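Residue numbers (this note's numbering): 189 to 502. As structure tokens, the structure follows; a few thoughts come after it.
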Ligand code: 3HC
């Protein structure tokens, strides 16, 4: 009993500490806080890196030089986001090599959304508009999360994500104003990406095992359902502007102003995060190949750093 009281007091003291300002890497923190951050930040970093795959595949097939240059820059940004996040997670005592090992061994998750294929050019528009749109809704609050390095990384990432969303919307706008076949392609993409994008926010609140504790620690500032609803409220008017139909025909609740959505196939979500989505195997195969192909670069740079240090010491 006395032990439990002491643990409760320590937890309350840490929650009070979190309310005062950023926790920095050298500060005292509960083991659970550290482990939760490493889990979430590494999952986030892996998502950025795996997220390059569906879009990277379209760089050579983008319909103009302008579109190629923009997509190339966007995919490069995602690589940068992964690096900031791995770097921020490393301040908690893990290493990038260990996080990569966990990803390749299937021990660490990455966002379910990147296990769906980009089949048409409109899918690149839908990814920017919807997936990056969802990322912004989820990630802007993280700029105020309790862990300093994560919050600061998110500030830069969010600025770039808003450019990403606009480029996706612009692709959709061009298609929506185009010929019948282009409008159909845009509608088809919205139909396929809508539900998987809603799943990005995580399971419903009643099934989210980490939310309550993460919100107490300000690792998350809003619940999964709350952010999902914000996203729907943002996208429905944008889809109307594009003259596209959102699946499920959302209705506005006059009292709350919220649009309806769903139902969501949570069985499919569970299946995808268990490794059985349409592209899970391809995505991991590509990461394993990249790890293998990049081995000589890592070895060469480690050898160079060692030589440099030895010279300096001499
Ligand atoms: N995909 C895969 N796994 C998911 C998931 C999703 N969309 N949503 C939830 N999960 C997993 C959780 O990781 C957890 O599994 P674990 O215990 O094995 O780690 C389990 O499902 C239970 O879910 P919880 O709601 O309890 O988990 P969290 O509290 O961690 O909430 C989250 C999930 C909302 C995704 C939260 O981790 C979060 O906000 N993360 C930061 C943002 C992030 O990682 N975004 C990924 C997309 S990045 C991106 O989109 C890149 C951009 O360029 C487009």
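Every residue, glycine too, gets a C-beta built ideally from N, C-alpha and C. Just so it is clear, the structure is predicted and the values come from calculations on it, not from any experiment.
Whether residue i touches residue j by CB criterion (8 Å)
i: residue 383; j: residue 452; result: yes
i: residue 337; j: residue 276; result: yes
i: residue 377; j: residue 311; result: yes
i: residue 313; j: residue 360; result: yes
i: residue 299; j: residue 350; result: no
i: residue 457; j: residue 403; result: no
i: residue 282; j: residue 226; result: yes
i: residue 270; j: residue 237; result: yes
i: residue 450; j: residue 459; result: no
i: residue 391; j: residue 454; result: yes
Residue i (DSSP reduced to helix, strand or coil)
i: residue 440; result: strand
i: residue 272; result: helix
i: residue 210; result: coil
i: residue 304; result: coil
i: residue 447; result: strand
i: residue 389; result: coil
C-alpha distance - residue i paired with residue j, whole-angstrom precision
i: residue 265; j: residue 191; result: 48 Å
i: residue 482; j: residue 421; result: 42 Å
i: residue 365; j: residue 373; result: 12 Å
i: residue 325; j: residue 193; result: 38 Å
i: residue 278; j: residue 375; result: 42 Å
i: residue 342; j: residue 331; result: 5 Å
i: residue 473; j: residue 467; result: 10 Å
i: residue 206; j: residue 405; result: 7 Å
i: residue 200; j: residue 218; result: 11 Å
i: residue 214; j: residue 480; result: 34 Å
i: residue 333; j: residue 500; result: 40 Å
i: residue 228; j: residue 222; result: 10 Å
i: residue 489; j: residue 268; result: 19 Å
i: residue 211; j: residue 195; result: 19 Å
i: residue 485; j: residue 477; result: 14 Å
i: residue 496; j: residue 487; result: 14 Å
i: residue 494; j: residue 367; result: 59 Å
i: residue 203; j: residue 224; result: 15 Å
i: residue 287; j: residue 260; result: 26 Å
i: residue 423; j: residue 209; result: 33 Å
i: residue 340; j: residue 239; result: 21 Å
Nearest-angstrom beta carbon gap, residue j and residue i [assumed within contact, 8 Å]
i: residue 297; j: residue 461; result: 6 Å
i: residue 263; j: residue 243; result: 5 Å
i: residue 273; j: residue 233; result: 4 Å
i: residue 407; j: residue 335; result: 7 Å
i: residue 471; j: residue 241; result: 6 Å
i: residue 157; j: residue 385; result: No information on residue 157 is available, as it lies outside the stretch 189 to 502 that the chain covers here.
Short CB-CB distance (under 8 Å) between residue i and chain C
i: residue 376; result: No chain C is part of this structure, which consists of one protein chain only.
Could you say if the region 344-356 and the region 303-322 meet the contact criterion of at least three C-beta pairs nearer than 8 Å? yes
Cβ contact (3+ pairs, closer than 8 Å) linking the region 413-428 and the region 344-351: no
Measuring CB atoms only, is the region 423-439 touching the region 235-249, in the sense that at least three cross pairs come out at less than 8 Å? no
Inter-stretch contact (C-beta, 8 Å, three-pair minimum) for the region 300-308 and the region 398-405: no
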